[in-house]
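Below is one structure, written out as C-alpha cells; the observations come after it.
Residue numbers (full-length UniProt numbering): 1 to 248.
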C-alpha cells in the first residue's frame, strides 16, 4: 500500500492567510513590495517555487511547490517576517494574521491549474481592477513587466502557456463546479498539536449521509468549520445552527 503523504512532504499547496479580524494589512505600495521582497527571500532560503500568487488588501493567496519537507518553516518565516516589519512600521502591537495559515494540498496538475486561475482572477473578481492585466501585485503582473521581483515566479508552471494564451485563458471565468472544487479542497488542519490532511470534500459528506444534520456533524468532526459548510450549502452560519437544533 502506498504511503499517505505527510503534510510537510514536498508537493503543491494552496496557501491563504488573512489579516486579523479582516483588517487590511497591505495599505500602500511599500507594503506589497515588502511582502514580495520576503517572498523572494523565502524562495531562495527555503527552496520553494511560487507558481502563482495574489496579494490583496486584507489577505493573500499563493500556490507554491515545496522541494523539501519544510512547508511550515517557509510559511512561518514569510508570515512572521512581514508581521514584524509591518508592526514596527505602523507602531502596532499584537497579532497581524488571523491565524497560522490555511493550506490545501494539490493532487494533480488539473487541480493546480484551476487554483492558478482562481488566484489570478481574485483582484478582478473583487472589483479592484476592470482588466486582469492592471493588477500589479500578482503573478501575472510579473510576466507582463520586468522588475526586481520577476524571480519570484522563476520556474512557475504558468510559463507553460504562452503569455497571450495565458491571458485569454485567465479571462474565462471558472465554472461553478470548478469553484466548488476549490472551495472544498482537501484541507490541512491542526488536531491535538498534530497537522493532518482532510481528504474528503464537504460534498462527500452530503452524498454519504441521508440526513443533512448528520452530514454537517460529520464534516465538522472531520475538521471543517461551520462557516465553510454554510458557504458550500449557500446559507448562513445561523441557518446551520438552526438545522442542528431543529433536526433530531
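Ideal Cβ positions, reconstructed from N, Cα and C, are used throughout, including at glycine.
(request) Could you check which residue in 242, 120 and 24 has the C-alpha nearest to that of residue 52? (result) Residue 52 has its Cα closest to that of 120, out of 242, 120 and 24.
(request) Report the rounded CA-to-CA distance for residue 166 versus residue 204, giving the unit in angstroms. (result) Using only the alpha carbons, I get a separation of about 32 Å.
(request) Let me know the secondary structure DSSP gives residue 205 once reduced to three states. (result) In the structure shown, residue 205 sits in a helix (DSSP, three-state: H, G or I).
(message) Let me make sure I understand the geometry here. Which of 104, 169 and 10 has the alpha-carbon closest to that of residue 62?
(response) If we check each option's Cα against that of residue 62, 104 comes out closest.
(message) Whole angstroms are fine: how far does the CA of residue 176 sit from the CA of residue 73?
(response) A direct Cα-to-Cα measurement between residue 73 and residue 176 gives close to 34 Å.
(message) Applying the 10 Å Cβ sphere with the 16-neighbour rule, what's the burial state of residue 246?
(response) With fewer than 16 neighbouring CB atoms inside 10 Å of its own CB, residue 246 falls in the exposed class.
(request) Quick one: using the 10 Å Cβ neighbour count with 16 as the cut-off for buried, is residue 42 buried or exposed? (result) By the neighbour-count rule (16 or more Cβ atoms within 10 Å), residue 42 is buried.
(request) Under the assumption that residue 40 contacts residue 149 (Cβ atoms under 8 Å), give the Cβ distance between them as a whole number of angstroms. (result) Between residue 149 and residue 40 the Cβ distance is about 7 Å, and since that is below 8 Å, they are a contact.
(request) Determine the contact status of residue 17 and residue 79, defining contact as a CB-CB distance below 8 Å. (result) Their beta carbons are under 8 Å apart, which means residue 17 touches residue 79 by this criterion.
(request) Please report how far the alpha carbon of residue 173 lies from the alpha carbon of residue 224, in whole angstroms. (result) About 26 Å.
(request) Check whether the segment 89-109 touches the segment 9-26, taking contact to mean three or more Cβ pairs, one atom from each stretch, closer than 8 Å. (result) Touching, yes.
(request) Return the residue from the list 12, 13 and 35 that minimises the CA-CA distance to residue 137. (result) Selected option, being the one with the closest Cα: 35.
(message) Can you give me the C-alpha to C-alpha distance between residue 4 and residue 179, rounded to a whole angstrom?
(response) Note that residue 4 scores 44 on pLDDT, short of 50, meaning its location in the model is unreliable; the coordinates nonetheless yield the value given after this. Each residue's Cα considered, the two are about 26 Å apart.
(message) the ligand FAD and residue 37: does any heavy atom of the ligand fall closer than 7 Å to the residue's C-beta?
(response) Annotation note on the ligand FAD: not contained in the displayed structure, which lists no ligands.
(request) Could you tell me if residue 110 is buried or exposed, where buried requires 16 or more neighbouring beta carbons within 10 angstroms of its beta carbon? (result) With fewer than 16 other Cβ atoms within 10 Å, it is exposed.
(message) I'd like to know whether the C-beta atoms of residue 132 and residue 140 end up nearer to each other than 8 Å.
(response) Going by C-beta atoms, residue 132 is nearer than 8 Å to residue 140.
(request) Could you spell out where the alpha helix (DSSP H) holding residue 32 opens and where it closes? (result) It spans 29-46 - the alpha helix (DSSP H) in which residue 32 sits, taken as one unbroken run.
(message) What would DSSP say about residue 4, mapped onto helix, strand or coil?
(response) Bear in mind that a pLDDT of 44 at residue 4, under 50, signals an unreliable position, so the number given afterwards is only what the model happens to contain. In this structure, residue 4 counts as coil in the three-state DSSP scheme.
(request) State the Cα-Cα distance for the pair residue 24 and residue 58, rounded to the nearest angstrom. (result) One C-alpha to the other measures close to 4 Å.
(request) Hey, could you find the ends of the beta strand (DSSP E) residue 65 is sitting in? (result) Counting along the chain, the beta strand (DSSP E) containing residue 65 begins and ends at 59-66.
(request) May I ask you to report which of helix, strand or coil DSSP gives residue 24? (result) Of the three classes helix, strand and coil, the one that applies to residue 24 here is coil, per DSSP.
(request) Out of 68, 32 and 30, point me to the one whose CA is closest to residue 45's CA. (result) Of 68, 32 and 30, the residue nearest in Cα terms is 68.
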